[in-house]
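In this note's numbering, the protein residues as written are 222 to 814.
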Amino acid sequence: MTPLTSGPPLQRRLTLLLHGPVFTGQGVWRRQLRKEKRPRTGGLYHLPHPVPVKCRPKKVDVRPHSRPTPKEVYNWRLYTEAIIIATGSLLFGYDSAFIGTTISRTSFKNDFGITAATANSISSNITSAFQAGAFFGALFCFFITERLGRKWALQINVVVFIIGSILMTAATNQLSFIYVGRVLTGLGCGAITATVPSYIAELSIPSIRGMLTGLFEVAYQIGSVIGFWINYGITQNMSSSSPNSWRIPMAFQLVPSVVLLIGGFFLHESPLWLMRKDKLEQAHKSLVDLRKLPLEDPYIQEELSAIRSRLLEEAAVSGKYGTGAWAFFRGAMDEFSQKGMRNRLFLVFCAFSLANLSGASAINYYSPTLFGSLGITDVALYTGIYGLVKAIASIIFYVGLIDKLGRRRPVIISCFVCSLCLWIVGSYVKIGHPASIIKEGGVLSASTAAGGKAATGMIMIYAFFWSFGLNGIPWIVSAEIFPGALRNLSGTYTALVQWATQFAITKALPYIFSSFGFGTWYFFAAWMLIGTAWAFFLLPETKGLTIDQMDLIFGYHSSERVGIPHTSISRRYTNMNQDKAGVEETENVDEKV
């Protein structure tokens, strides 16, 4: 091994600082190395990989025999099913984009008796009812999916979403229909978003798992673009006093949800869930259909071996509590309470809290108010452009750049640039008062109009840079830092944090804006500065790290894990009529854990 740096002490300290010393592992490693009494060189300990990033060893294929992936597994069925499942994320994206403009229309306010005095509270309630429902949908998602499986849990939640959409579309002058519909669509969407990433990951193959799971973010952005531009088309071609101007966007929620419902009948159940429920023949059939390979093929056998290893890890988590979903839940709670797991949970909480305090969700849900404060009259057009910029930037980054640039550095750059843009926008609103001038029937001066164009440009730059920072990286990091056996519950926790923090900000934003005015932009800018510091000092680089390296970074000692008990699960797989290689693989996993 070589020391992390060499040279003068100040240079070494600066190098450590630039690598994120507080939380990227160096402090943990130094404490661990002191315990092991390893030698020091040049004032620094010899640090193991993964730091520095450039010194990490190249990834190698550690599967038995290191054979190339068979071409048969890259088949239309796998891609089609991943696209169908990812449609669930499109529902989330569409809702985030269409609702703000829709409930601000004159026809909606007239039909439901919304006055200027009640507008803030009603818009806040309508918007946040979705997040409240989504929170509880994510909360109960784990037990539903463990009981019914990924496929049927997804179908049930889609039906709940459809019922909510119908209620909202059928409403005439009853706000209760809107509220109940929003809660139901939230319940369905919250559970769907907690299910989609893990469902895709469990059906996909390792070589393209990242790309297929990334369809979650791509579908979200497509949904948001559709939501923004549907409102633009209605604004251009329909009277604002027509009830259809708000009813059509509500009804369009049915289109992707019905597509998902119909497509869901053709999906395969997760082989992992089937084997967990002792449905071995169905699991084998599911894998054979998805991979287009015979059951005897070495690739299928290796995948089955990996699933057995995962189940053995889950049995270890269940530990003294026995078997079943409730035993696993209790065992997982014990694991999450350990040192080295608590800080991972806190990291996820910080990541999603900062993502929702970045201002992006606020702009999505309250675009008429926030764009109107810039003096923009054609709000629907600019919200559409805003959504398009976000979608293009997200697709470019998450399809082509995420595995090259890593996680930590993009967040640092993104948060800093976004903060700078929001400070500029807030300063323009403070100095120019464009919204007040337009409201009073005045005409913007040439300099104020030019400033408005510059501020609008800053919003678009903000949208571009936000897309490769706190937009999707919190989801990726939260999926990478937890052991595989805990990812079902960690995914549920991730969704809970996302919806809880988004509920808080969407509920509070109308009051923040009415109280702060231009200071709303400063409010989000300040949080982006905090996000920059958080990523610089506390966010580890997780790209390409093994779970053992994660344990080292977060200060978790793998020896603290409870050994695998000889439960019915482990006995079942060790006593199966397998070939010799399969038995040896199971025994090796048992010894390793």
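Cβ atoms here follow ideal geometry from the backbone N, Cα and C, with glycine treated the same way. Since the structure is predicted, the reported quantities are computational estimates derived from the model, not experimental observations.
- Can you tell me whether DSSP reads G672 as helix, strand or coil? helix
- For P519, the nearest candidate out of A756, I768, Q770, P289 (CA to CA): When only C-alpha atoms are compared, the closest one is P289.
- Query: In whole angstroms, what is the alpha-carbon distance linking I682 and F592?
  - Reply: 15 Å
- Message: Quick check on Q247: does DSSP put it in helix, strand or coil?
- Response: Summary for Q247: the model assigns pLDDT 41, below 50, so the residue's position carries little reliability; its value from the coordinates is reported in the next sentence. In this structure, Q247 counts as helix in the three-state DSSP scheme.
- Query: Per the contact definition of three or more C-beta pairs closer than 8 Å, is the segment 703-723 in contact with the segment 569-576?
  - Reply: yes
- Length of the line joining the Cα atoms of I616 and L759: 27 Å
- Query: On the three-state DSSP scale, how would you describe T544?
  - Reply: Residue state, collapsed to three classes: coil.
- What are the boundary residues of the alpha helix (DSSP H) that includes S419? 396-424
- Query: Expressed to the nearest angstrom, what Euclidean distance is found between the alpha-carbon atoms of E423 and W687?
  - Reply: 29 Å
- Message: Can you confirm whether the segment 402-419 touches the segment 366-384 when touching is taken to mean that 3 or more C-beta pairs between the two stretches lie within less than 8 Å?
- Response: Result yes; three or more Cβ-Cβ pairs closer than 8 Å.
- In chain order, which alpha helix (DSSP H) runs of at least 4 residues are fully inside the segment 651-703? You should have 655-660, 667-687, 694-701.
- Give me the Cβ distance between V632 and I584, rounded to the nearest whole Å; I'm assuming they're in contact under 8 Å. In this structure V632 is not in contact with I584, their Cβ atoms being roughly 19 Å apart against a cut-off of 8 Å.
- State yes or no: is the C-beta of S594 within less than 8 Å of the C-beta of T727? no
- To the nearest angstrom, how far is it from the Cα of R630 to the Cα of K660? 42 Å
- At what residue ranges does the segment 453-498 contain a whole run of the alpha helix (DSSP H), taking only runs of 4 or more? 465-473, 475-485, 492-497
- Query: Exposed or buried, S791, counting other C-beta atoms within 10 Å across all chains shown (16 or more means buried)?
  - Reply: The predicted position of S791 is uncertain, since its pLDDT is 36 and thus under 50; a value taken from the coordinates is nonetheless stated next. Around the beta carbon of S791, 16 or more other beta carbons lie within 10 angstroms, which makes this residue buried.
- Task: Have a look at G765, I365, I733, G738 and flag the residue whose alpha-carbon is nearest the alpha-carbon of V698.
- Result: G765
- Query: Along the chain, where does the alpha helix (DSSP H) that runs through F775 open and close?
  - Reply: In the DSSP annotation of this structure, the continuous segment of the alpha helix (DSSP H) that includes F775 starts and ends at 768-775.
- May I have the straight-line CA-CA distance separating I652 from A340, to the nearest angstrom? Approximately 27 Å between the Cα atoms of the pair.
- Message: Taking the alpha helix (DSSP H) that A612 belongs to, which residues open and close that run?
- Response: 600-617
- Check I335 in the structure and name its three-state DSSP category. If DSSP states are grouped into helix, strand and coil, I335 belongs with coil.
- Which residue from P464, I335, G552, Y300 puts its Cα closest to that of L436? Y300
- Query: Is it true that the segment 332-339 meets the segment 386-399, where meeting means three or more beta-carbon pairs spaced less than 8 Å apart?
  - Reply: yes
- Message: Applying the 10 Å Cβ sphere with the 16-neighbour rule, what's the burial state of R628?
- Response: buried
- With distances taken Cα to Cα, identify the nearest neighbour of S588 among A729, A601, L360. A601
- Query: Comparing alpha-carbon positions, which option in G690, T327, F745, I426 lies nearest I528?
  - Reply: I426
- Between the C-alpha atoms of P464 and S328, what's the straight-line distance to the nearest angstrom? 6 Å
- Task: Kindly indicate which three-state DSSP category R782 falls into: helix, strand or coil?
- Result: Unreliable positioning characterises R782 in this predicted model, as indicated by a pLDDT of 48, which lies under 50. A coordinate reading is not provided.
- Query: What number of angstroms, rounded off, separates the C-alpha of I597 from the C-alpha of G673?
  - Reply: 8 Å
- Using the Cα positions of T715 and G738, report the straight-line distance between them to the nearest angstrom. Here the alpha carbons of G738 and T715 stand approximately 32 Å from one another.
- Item | C-beta atoms of G485 and F313 nearer than 8 Å | no
- State whether the segment 526-543 contacts the segment 747-754, with contact taken as three or more CB pairs (one from each stretch) at a distance under 8 Å. no
- Count the other CB atoms, across all protein chains shown, that sit within 10 Å of the CB of T336; report buried if there are 16 or more and exposed otherwise. exposed
- Sequence-distant residues of the same chain with beta carbon closer than 6 Å to F745, five excluded per side: G580, L643
- Message: Taking the alpha carbon of V380 as the reference point, which residue from A307, L481, V509, I613 has its own alpha carbon closest?
- Response: L481
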